[in-house]
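One structure is given here, and the rest of the page talks about it.
There are 2 protein chains.
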Amino acid sequence: MQVWKDYQEKNKDRFLDELLQLLRIPSISAKTEHKPDMVKCAEAVKQRLLEAGADKVELYPTDGHPIVYGEKIIDPSKPTVLVYGHYDVQPPEPLNLWKNEPFDPTIINGKIFARGSCDDKGQVYMHVKALEILVKTNTLTNNIKFCIEGEEEVGSPNLGKFVSAHKDLLKADCVLISDSAMISLDTPSLDIGLRGLSYIEVEVTGPNRDLHSGVYGGAVANPITILAKMIASLHDENNHISIPGFYDDVLISSDEERALMAKAPFDEKEYREDLGVKELWGEKGYSTNERTGIRPTLELNGIWGGYTGEGAKTVLPSKAFAKISARLVPNQESDKITTLLIDHLQKIAPANVTVKASLHHGGEPYVTPIDSNAYKAASKAIEATFGKSPIPVRGGGSIPICALFEKELGIKIVLMGFGLDSDNLHSPNEKFDLANFYKGIETIPHFHHFFAEM
Amino acid sequence: MQVWKDYQEKNKDRFLDELLQLLRIPSISAKTEHKPDMVKCAEAVKQRLLEAGADKVELYPTDGHPIVYGEKIIDPSKPTVLVYGHYDVQPPEPLNLWKNEPFDPTIINGKIFARGSCDDKGQVYMHVKALEILVKTNTLTNNIKFCIEGEEEVGSPNLGKFVSAHKDLLKADCVLISDSAMISLDTPSLDIGLRGLSYIEVEVTGPNRDLHSGVYGGAVANPITILAKMIASLHDENNHISIPGFYDDVLISSDEERALMAKAPFDEKEYREDLGVKELWGEKGYSTNERTGIRPTLELNGIWGGYTGEGAKTVLPSKAFAKISARLVPNQESDKITTLLIDHLQKIAPANVTVKASLHHGGEPYVTPIDSNAYKAASKAIEATFGKSPIPVRGGGSIPICALFEKELGIKIVLMGFGLDSDNLHSPNEKFDLANFYKGIETIPHFHHFFAEM
Numbered sequence: 013m014q015v016w017k018d019y020q021e022k023n024k025d026r027f028l029d030e031l032l033q034l035l036r037i038p039s040i041s042a043k044t045e046h047k048p049d050m051v052k053c054a055e056a057v058k059q060r061l062l063e064a065g066a067d068k069v070e071l072y073p074t075d076g077h078p079i080v081y082g083e084k085i086i087d088p089s090k091p092t093v094l095v096y097g098h099y100d101v102q103p104p105e106p107l108n109l110w111k112n113e114p115f116d117p118t119i120i121n122g123k124i125f126a127r128g129s130c131d132d133k134g135q136v137y138m139h140v141k142a143l144e145i146l147v148k149t150n151t152l153t154n155n156i157k158f159c160i161e162g163e164e165e166v167g168s169p170n171l172g173k174f175v176s177a178h179k180d181l182l183k184a185d186c187v188l189i190s191d192s193a194m195i196s197l198d199t200p201s202l203d204i205g206l207r208g209l210s211y212i213e214v215e216v217t218g219p220n221r222d223l224h225s226g227v228y229g230g231a232v233a234n235p236i237t238i239l240a241k242m243i244a245s246l247h248d249e250n251n252h253i254s255i256p257g258f259y260d261d262v263l264i265s266s267d268e269e270r271a272l273m274a275k276a277p278f279d280e281k282e283y284r285e286d287l288g289v290k291e292l293w294g295e296k297g298y299s300t301n302e303r304t305g306i307r308p309t310l311e312l313n314g315i316w317g318g319y320t321g322e323g324a325k326t327v328l329p330s331k332a333f334a335k336i337s338a339r340l341v342p343n344q345e346s347d348k349i350t351t352l353l354i355d356h357l358q359k360i361a362p363a364n365v366t367v368k369a370s371l372h373h374g375g376e377p378y379v380t381p382i383d384s385n386a387y388k389a390a391s392k393a394i395e396a397t398f399g400k401s402p403i404p405v406r407g408g409g410s411i412p413i414c415a416l417f418e419k420e421l422g423i424k425i426v427l428m429g430f431g432l433d434s435d436n437l438h439s440p441n442e443k444f445d446l447a448n449f450y451k452g453i454e455t456i457p458h459f460h461h462f463f464a465e466m
Numbered sequence: 013m014q015v016w017k018d019y020q021e022k023n024k025d026r027f028l029d030e031l032l033q034l035l036r037i038p039s040i041s042a043k044t045e046h047k048p049d050m051v052k053c054a055e056a057v058k059q060r061l062l063e064a065g066a067d068k069v070e071l072y073p074t075d076g077h078p079i080v081y082g083e084k085i086i087d088p089s090k091p092t093v094l095v096y097g098h099y100d101v102q103p104p105e106p107l108n109l110w111k112n113e114p115f116d117p118t119i120i121n122g123k124i125f126a127r128g129s130c131d132d133k134g135q136v137y138m139h140v141k142a143l144e145i146l147v148k149t150n151t152l153t154n155n156i157k158f159c160i161e162g163e164e165e166v167g168s169p170n171l172g173k174f175v176s177a178h179k180d181l182l183k184a185d186c187v188l189i190s191d192s193a194m195i196s197l198d199t200p201s202l203d204i205g206l207r208g209l210s211y212i213e214v215e216v217t218g219p220n221r222d223l224h225s226g227v228y229g230g231a232v233a234n235p236i237t238i239l240a241k242m243i244a245s246l247h248d249e250n251n252h253i254s255i256p257g258f259y260d261d262v263l264i265s266s267d268e269e270r271a272l273m274a275k276a277p278f279d280e281k282e283y284r285e286d287l288g289v290k291e292l293w294g295e296k297g298y299s300t301n302e303r304t305g306i307r308p309t310l311e312l313n314g315i316w317g318g319y320t321g322e323g324a325k326t327v328l329p330s331k332a333f334a335k336i337s338a339r340l341v342p343n344q345e346s347d348k349i350t351t352l353l354i355d356h357l358q359k360i361a362p363a364n365v366t367v368k369a370s371l372h373h374g375g376e377p378y379v380t381p382i383d384s385n386a387y388k389a390a391s392k393a394i395e396a397t398f399g400k401s402p403i404p405v406r407g408g409g410s411i412p413i414c415a416l417f418e419k420e421l422g423i424k425i426v427l428m429g430f431g432l433d434s435d436n437l438h439s440p441n442e443k444f445d446l447a448n449f450y451k452g453i454e455t456i457p458h459f460h461h462f463f464a465e466m
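Spelled out as structure tokens, the structure:
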């Protein structure tokens, strides 16, 4: 609608300025030292929702960081959309690889560089501004609820309890989430699936103290060497995960499905060059899109042990550590895989070390149907603003709460993300293209109108 | 001699107090931020040598940290002993495992806990106090020179140049070094060999930036996983090092030598219990003492990559790093092994990563004869104060400058160490037993007298 476009055009500089203010708050949920920033950020989201026209906004305290709940109810008999997002961000480290300060958003070539610019403050803020447009132009035809949490990046440990306890409050006809990517502005897409997650930490202990590597080297098992051997054994020569039982519950995609997936545009050379690698890597027998979409994976997210500072220290360390996460696909279960991983690591550890392994967080894989009203409304909205209908794709990331919402609220989720895979989520130099930000704000009101009409 | 004992008895509290002052200076050679502390420590060593009765003491600047040279010449025609030691220390990390502050020496149960207490400030200081005793009791019968450097813990990069340029200054009849351990005060021993060292750092780069492990996981080689596989391949199932050519130059010890070594007291159960490990580890076919004495080894001294902070971050990192060192035995050559290691790592790296590897520092293995005058004098000195003659043993550590001194100055080295293997060198809670400190001060004057008589 022209009235939406006009409103956005007139206010776009302010929209951007408000987002930049939000990005300046270092709302890192993983680090306890940022607890005050988390509260500050939640308060800011609340304030912006009120200014945008929400009737009621509340912070709900949890055992971790607060959840922001807001609503604009025009008529309880009309359809209701629940918008989910998160105001917390990943830690920005390694800081030396950022071109600007991660919490000092900088616009370069039409892109906002900042931690959280795309994941997920920038995408959450599209929804806040879409609400403003609908309210201020008097064109709202449905009810909108917001559930913006502060613990997505640490596995949403308290959201389940909140959702169970507030089913009436959250009652809606669909959940709309913008926390993922599309292929490009030229090739819009909608995620129809996300992988689940089992994220564990492993501690390998050799001797009871750090030792001189000359005096004891060669006589005592080095926990780094042992950990390396354990990690090395987790993938076989075809890059299959070699943990017995790991693939047992994997839903095998049909040849038909795989053929459909293969139609999504993919340029391997461009992909390789963007990443700066000479060769790709992955499970034998599957394409790159399949490896990140329909197959489970096991990645090392961190490793440390011994002396890691400047120069040389001849130490045989007492301990070595790793952070390991598996991405899961339907019908794998996070708890089952976590137990399998931990048991396997304990089992393969030789007798000269002790291994402790524990869960960081997990989440279930999720696949959404493409015949739901929510999916259809999203598809139409994208067609209205992009001029072409979106390609359905299976995303590699995880939003563990999808399965939770569906189970607790009994409604379907639609994943309408406006980021790009190249937005450096979780990496240095995270960015969000202004074009995508504004396109998102333009598209979301259409979604609400289409959904209200269905 | 009773006069030495009496002098020490009367001054022992001051001796200790002076050592504690020296231990309070954080002379960490590996860290550039401690450059001022290095100068402060060198100045303190100089001052103490002068107070002990040295005629002349000078700091010689180098491209790194200064070398302290001192001398007490009573008669150029008499035998001269060159005492070598170092005033620099290893980094104290990990700090949280120390029971006291590493640079706040604390005496518990007759042991001085502090970084450098044994390695090597405490042992250097025995020589300073032995000089004082000989000078103040008018019993010096030979010349003593001191060469106390500040870069032993970083591989003595500037000592070679100094020795070459100052052969006349350093001219002596033997080199006496206390920078190693004995079996115990009940079972004194003398090191007759030290291992060489090749210490390298490896950087494995996968993608050109940190990636989201969900979006890219399974499709791009993870540098941690690849590094782990590379490390895992460096030892075979018998814990032999599986780098082609690694053992080529190793001097095989005769059965006779091995039988002699096997006579040194060794209690495996006690050794295991002290280290808190259920099983030992090492190269098949060799005893523990052989594994640390006559066989080369390859140890991981550090590893890091990805997210290593609190909580969880779902990153597929761009880089992973390791610090790796080999201990070498006669006739391996450090340069040759370093090249072999680096080439091997480059060779086994798969095409989906790039590997950079570079030398930190190296040093040649050293074996000293037991029929030299210096060895005989050390053996007699120990017999005089311990009541039994020392067992000759091959130590696992490295003092790379031994080979250098022998080559440049054409004289033999004697390794008369008064530490213990359990002194936590290079580890948290480094200690030096007061009994060993005082026994060292008692023994050293005997060494000078016996050597002067030969």
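Heads up: the protein sequence lines correspond to chains A and B, in order.
One point on numbering: in the working numbering, the residue at position 293 of the first sequence is 305, and numbering is uninterrupted.
One point on numbering: in the working numbering, the residue at position 429 of the second sequence is 441, and numbering is uninterrupted.
The beta carbon of each residue, even a glycine, is placed where N, CA and C say it ideally should be.
Compute the distance between the beta-carbons of Asn-155/A and Thr-92/A, then report whether it is under 8 Å. yes
Do the segment 405 to 420 of chain A and the segment 199 to 208 of chain A touch if we need at least three Cβ pairs shorter than 8 Å? yes
Presumed contact (8 Å Cβ cut-off) between Phe-417/A and Val-69/A, rounded CB distance: The pair is not a contact, with the Cβ atoms about 20 Å apart (cut-off 8 Å).
To the nearest angstrom, how far is the alpha carbon of Lys-17/A from that of His-178/A? 36 Å
Name the chain A residues whose beta carbon is nearer than 7 Å to that of Gly-226/B? Arg-207, Arg-339, Gly-408, Gly-409, Ser-410
Any beta-carbon of chain A closer than 8 Å to the one on Ile-315/B? yes
On the DSSP bridge list, what partners appear for Thr-118/A? Phe-125/A
In the segment 266 to 294 of chain B, which residues sit with their C-beta less than 7 Å from some C-beta in chain A, listed in chain order? Leu-287, Gly-288, Val-289, Lys-290, Glu-291, Leu-292, Trp-293, Gly-294
Just how far apart, CA to CA, sit Ile-40/A and Ser-225/A? 38 Å
Kindly indicate which three-state DSSP category Lys-335/B falls into: helix, strand or coil? strand
Which term fits Val-15/B, buried or exposed, when burial requires 16 or more other beta carbons within 10 angstroms of its beta carbon? exposed
Proximity test, Cβ basis, 8 Å: Tyr-378/A and chain B: no
With Arg-26/A as the anchor, note down where its alpha helix (DSSP H) starts and where it stops. 14 to 35
At 8 Å on the CB atoms, spell out the chain E contacts of Val-405/B, in chain order. Looking at the structure shown, chain E is missing, and the protein chains on hand are A and B.
Tell me whether Asp-49/B is buried or exposed, calling it buried when 16 or more other Cβ atoms sit within 10 Å of its Cβ. buried
Could you compute how far the alpha carbon of Gln-358/B sits from the alpha carbon of Thr-217/A? 29 Å
Where Phe-158/A falls: helix, strand or coil (DSSP): strand
Is Pro-377/A closer than 8 Å to Val-426/A when the C-beta atoms are compared? no
Using 8 Å as the threshold, is the C-beta distance between Phe-444/A and Gly-429/A below it? no
Determine the DSSP secondary structure at Gly-297/A, reduced to helix, strand or coil. coil
Cross-chain neighbours of Ile-243/B in chain A, by beta carbon under 7 Å: Thr-237, Ala-240
Residues in the segment 319 to 340 of chain B with C-beta within 7 Å of chain A's C-beta atoms, listed in sequence order? Tyr-319, Thr-320, Gly-321, Glu-322, Gly-323, Ala-324, Lys-325, Thr-326, Val-327, Leu-328, Ala-332, Lys-335, Ser-337, Arg-339
Own chain, CB closer than 8 Å to Ala-447/A, minus 5 neighbours either side, in chain order: Gly-122, Leu-197
Under 9 Å by beta carbon: chain B residues contacting Thr-351/A: Correct list: empty, because the minimum Cβ distance to chain B is about 18 Å.
In angstroms, rounded to a whole number, what distance separates the CA positions of Thr-118/B and Lys-24/B? 17 Å
Leaving out the 5 sequence neighbours to the left and right, which residues in its chain are closer than 6 Å to Lys-392/B when beta-carbon positions are compared? Phe-462
Would a check of beta-carbon distances place Ala-361/A closer than 8 Å to chain B? no
Taking one C-beta from the segment 104 to 117 of chain B and one from the segment 71 to 91 of chain B each time, how about it: are there three or more such pairs within less than 8 Å? no
Checking the sheet assignment: what are the DSSP bridge partners for Ala-324/A? Looking at the DSSP assignment, Ala-324/A forms no beta bridge with any residue, so it has no partner.
Anticipated Cβ contact below 8 Å, Lys-133/A with Leu-34/A, distance rounded: 5 Å
Decide if Ala-126/A is buried, meaning its Cβ has at least 16 other Cβ atoms within 10 Å, or exposed. buried
Can you name the residues that DSSP bridges to Glu-215/A? Phe-333/A, Lys-368/A
Grab me the residues of Lys-141/A's own chain with a C-beta within less than 6 Å of its C-beta, minus the 5 sequence neighbours each way, in chain order. Phe-27, Ile-453
Per DSSP, what kind of secondary structure is Ala-508/B in: helix, strand or coil? Since the first residue of chain B shown is 13 and the last is 466, residue 508/B is not available in this structure.
With distances taken between CB atoms, is the gap from Tyr-81/A to Leu-202/A smaller than 8 Å? no
Taking a contact to mean a Cβ-Cβ separation below 8 Å, would you say Ile-195/B touches Pro-103/B in this structure? no
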